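Working notes, beginning with the structure itself.
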Amino acid sequence: MRQVGMLDLATESKLFNDEIRGAVHTVLDSRQFIGGPAIGELESTLCAQVGTKHAIAVSSGTDALLCSLMTLGIGHGDEVILPAFTFFASAGSVFRTGATPVFADIDPRTFNIDPERIEAAVTDKTKAIMVVHLYGQCAEMDAINAIAKRHGLKVIEDAAQAIGATYRGGNACALGDMACLSFYPTKNLGGYGEGGMILTDDDALATTARQMRNHGESQRYVHERVGGNFRLDTMKAAILLVKSRYLDDFTQRRQANAAKYNAFLTGAPVQTPFVPESHAPVYHQYTIQCDKRDDLQAFLRDRGVGSAVYYAVPLHLQKCFDALGYKAGSLPVTEAACHRVLSLPIHPMLTEEDLQTVASCIHEFCETAGPVAVSASEAS
């Protein structure tokens, strides 16, 4: 049986190894390891790609979230509404400021936060909505921005998985007040180590965020506020500049792979990703739903096919958030998704044979395991 992994960074890196070595040697020769010219070049490149006025390079996607919250002045006594069906950094960053994460349930088709649940969660302590564009598909931003406008709230896009995604013709990272990217190596634009970016059209927020990433410094050794060390290294920026030139091609490959999966999985009783007409996702993950998810994952593993569960335990039921008072059943759609979702290999190095192998294994499992889920067409 052909082996198909969730990632293939070794094959991917062969496409640009020489370019990256050249970029690294340029930084080594310059000895500008902090704040070198590649930082500004990467910021300008990302502004052009997503269509924002400002980009602020930071040390990780998590630090992008934390720095954005600090920039907005969010802290003790404040509340931030966000989904519980996301990576820990979303809620962890809110908690670290002293603010309270308020979890809202998700849309069962897209897995993104449900605007109606946001509206119901707003209180006089709410200061912001953190929207996660999960799996590379934008949330319903028109409805979310309308809620924010009614209640005077800020909107932060956690776009760690969604660089290049669009919503009603607008780009992810340009749909709220501030947006955050991650350049973790597994991301669609992945670096060689940690890295992140804050993006905004607001001049004042951009100025504050730049100060916040460097200990709140407004000029050399002058500190108007207390920030942190959230700087991105020049070396990592130089590498990301090289990889950014491949982003559009890699995005198109992911989208093509998703379309082939949709075709190859026709007739299989699993639910394939639902995409509203107004959205163009970038498929950081291609996530199906199956009532016998764990059995399917084991079946794939035995046949050399990689898969992953994002996410098995929702944030509102994590032990570290016990004090917030959530119990099993608090967010039923989120909790149901945690038992049914399974992400398949979707990376840009996959061949059509790889995709057919994965789909064939799923068809084989479904034939032997009996009914496992409704079809995508029936669910939508």
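Numbers 1078 to 1457, taken from the numbering used here, label the letters of the sequence shown in order.
Backbone N, C-alpha and C fix where the C-beta goes; we use that ideal spot for every residue, glycine too.
All values reported here derive from a predicted model rather than from experimental measurement.
Checklist line | For C1438, the nearest candidate out of M1255, Y1261, A1375, S1170 (CA to CA) | finding: Walking along the sequence shown from the start, residue 1438 turns up at place 361. Closest option to C1438, Cα to Cα, is A1375.
Item checked: C-alpha distance - T1129 paired with G1247, whole-angstrom precision -> Here residue 1129 is taken as the residue at index 52 of the sequence shown, counted from 1. Here residue 1247 is taken as the residue at index 170 of the sequence shown, counted from 1. Those two C-alpha atoms are separated by around 11 Å.
Check: P1262 lies in the alpha helix (DSSP H); which residues open and close that run?
Finding: As a first step, residue 1262 is located in the sequence shown; it is residue number 185 there, counting from the start. Per DSSP, P1262 belongs to no alpha helix (DSSP H) and is neither H nor E.
Next item on the list: Excluding the 5 residues preceding and the 5 following S1295 in the sequence, name in chain order all residues of the same chain whose CB lies nearer than 7 Å to its CB.
Entry: Numbered from its first residue, the sequence shown carries residue 1295 at position 218. Answer for S1295: Q1288, E1301, listed in chain order.
Next item on the list: With distances taken Cα to Cα, identify the nearest neighbour of A1115 among R1308, A1181, A1141, A1168.
Entry: For the purposes of this step, residue 1115 is taken as residue 38 along the sequence shown, with counting starting at 1. Here the closest residue by C-alpha is R1308.
Checklist line | Delimiting residues of the alpha helix (DSSP H) encompassing T1411 | finding: Here residue 1411 is taken as the residue at index 334 of the sequence shown, counted from 1. That run of the alpha helix (DSSP H) goes 1409-1415.
Check: Among G1175, G1381, Q1109, S1259, which one has its Cα closest to the Cα of T1434?
Finding: For the purposes of this step, residue 1434 is taken as the residue at position 357 of the sequence shown. If you compare the alpha carbons of G1175, G1381, Q1109, S1259 with that of T1434, the shortest gap goes to G1381.
Item checked: Residues near D1460 in its chain [Cβ-Cβ closer than 7 Å; skip 5 each side] -> Nothing about residue 1460 can be reported from this structure: the residues present for the chain run from 1078 to 1457 only.
Margin query: Per DSSP, what are the beta-bridge partners of H1256 in this structure?
Written below: The count along the sequence shown starts at 1 and reaches residue 1256 at position 179. The question names His, but residue 1256 is Ala in the sequence shown. Beta-bridge pairing links A1256 to E1234, L1276.
Notebook entry, point to check: What residues in its chain sit with their C-beta under 7 Å from that of H1040, if we drop five residues either side in the sequence?
Noted result: Residue 1040 lies beyond the range of the chain shown here (1078 to 1457); nothing can be said about it.
Margin query: Residues in the same chain with beta-carbon distance under 8 Å from A1413, minus the five sequence neighbours each way, listed in chain order, please.
Written below: As a working note, residue 1413 is residue 336 in the sequence shown. So the qualifying residues of the chain are P1185.
Item checked: Residue environment, C1257, which counts as buried when at least 16 other CB atoms sit within 10 Å -> For the purposes of this step, residue 1257 is taken as residue 180 along the sequence shown, with counting starting at 1. Classification of C1257: buried, given that the 10 Å Cβ count is 16 or more.
Margin query: Just verifying my parser: in three-state terms, what is the DSSP assignment at E1294?
Written below: Stepping through the sequence shown from its first residue, residue 1294 is reached at position 217. Here E1294 sits in strand by DSSP.
Check: Which residues does DSSP pair with P1185 in a beta bridge?
Finding: Here residue 1185 refers to the residue found at position 108 when the sequence shown is read from its first residue. Beta-bridge pairing links P1185 to no other residue.
Check: Enumerated in chain order, which unbroken segments of the alpha helix (DSSP H) with a length of 4 residues or greater are wholly contained in the stretch 1110-1149?
Finding: 1114-1127, 1138-1148
Note to self: Let me check you understand the geometry: is the CB of M1207 closer than 6 Å to at least one non-hydrogen atom of the ligand NAD?
What the structure shows: The ligand NAD is not part of the structure shown, which contains no ligands of any sort.
Next item on the list: Give the straight-line distance between the Cα atoms of A1168 and G1113, rounded to the nearest whole angstrom.
Entry: As a first step, residue 1168 must be located in the sequence shown, where it is residue number 91. As a first step, residue 1113 must be located in the sequence shown, where it is residue number 36. In a straight line, the C-alpha of A1168 is about 32 Å away from that of G1113.
Notebook entry, point to check: Less than 7 Å separating the beta-carbons of G1152 and G1383?
Noted result: As a position in the sequence shown, residue 1152 is number 75, starting the count at 1. As a position in the sequence shown, residue 1383 is number 306, starting the count at 1. No, the Cβ-Cβ distance between G1152 and G1383 is not below 7 Å.
Notebook entry, point to check: Sorted by chain position, which residues of the same chain lie with C-beta nearer than 6 Å to L1427's C-beta, five sequence neighbours on each side aside?
Noted result: Counting from one through the sequence shown, the residue named residue 1427 turns up at place 350. In its chain, beyond the 5 residues on either side, N1334 have a beta carbon closer than 6 Å to the beta carbon of L1427.
Check: With a CB to CB cut of under 7 Å and the five nearest residues on each side skipped, what residues in its chain are close to A1166?
Finding: Within the sequence shown, numbered from 1, the residue matching residue 1166 stands at position 89. Around A1166: G1138, T1139, L1142.
Next item on the list: With DSSP collapsed to three states, give me the class of S1090.
Entry: Along the sequence shown, read from residue 1 onward, the residue named residue 1090 stands at position 13. Here S1090 sits in helix by DSSP.
Next item on the list: Identify the continuous alpha helix (DSSP H) that holds Q1374 and give its terminal residues.
Entry: Your numbering for residue 1374 matches position 297 in the sequence shown. Q1374 -> alpha helix (DSSP H) spans 1370-1379.
Item checked: Nearest residue (CA-CA) to D1368, options T1328, P1391, V1418 -> Here residue 1368 corresponds to residue number 291 of the sequence shown, with the count starting at 1. Considering only alpha carbons, the answer is V1418.
Check: Going by DSSP, what residues sit across from T1343 in a beta bridge?
Finding: Numbered from 1 along the sequence shown, position 266 holds the residue referred to as residue 1343. None; T1343 has no bridge partner.
Note to self: Cutting at 6 Å between CB atoms, please list the residues of its own chain near Y1269, excluding the five before and the five after it.
What the structure shows: Sequence index remark: in the sequence shown, residue 1269 carries index 192 (1-based). Closer than 6 Å at Cβ, skipping near neighbours: I1316.
Item checked: C-beta atoms of Q1214 and H1356 nearer than 7 Å -> The count along the sequence shown starts at 1 and reaches residue 1214 at position 137. The count along the sequence shown starts at 1 and reaches residue 1356 at position 279. Taking 7 Å as the Cβ cut-off, Q1214 and H1356 qualify as a contacting pair.
Checklist line | Under the three-state DSSP convention, the category P1178 falls into | finding: Taking the sequence shown and counting its residues from 1, one reaches residue 1178 at position 101. If DSSP states are grouped into helix, strand and coil, P1178 belongs with the strands.
Note to self: H1210 and A1176 - do their beta-carbons sit closer together than 7 Å?
What the structure shows: Locating residue 1176 in the sequence shown gives position 99, where the first residue counts as 1. Locating residue 1210 in the sequence shown gives position 133, where the first residue counts as 1. No, the Cβ-Cβ distance between A1176 and H1210 is not below 7 Å.
Check: Do A1283 and H1131 have their C-beta atoms closer together than 7 Å?
Finding: On the sequence shown, residue 1283 is found 206 positions in, with the first residue counted as 1. On the sequence shown, residue 1131 is found 54 positions in, with the first residue counted as 1. Going by C-beta atoms, A1283 is nearer than 7 Å to H1131.
Check: To the nearest angstrom, how far is it from the Cα of A1225 to the Cα of F1327?
Finding: Reading the sequence shown from its first residue, position 148 is the one you call residue 1225. Reading the sequence shown from its first residue, position 250 is the one you call residue 1327. C-alpha separation (whole angstroms): 34 Å.
Item checked: Which residues DSSP lists as bridging A1357, in chain order -> Numbered from its first residue, the sequence shown carries residue 1357 at position 280. BP columns for A1357 point to T1243.
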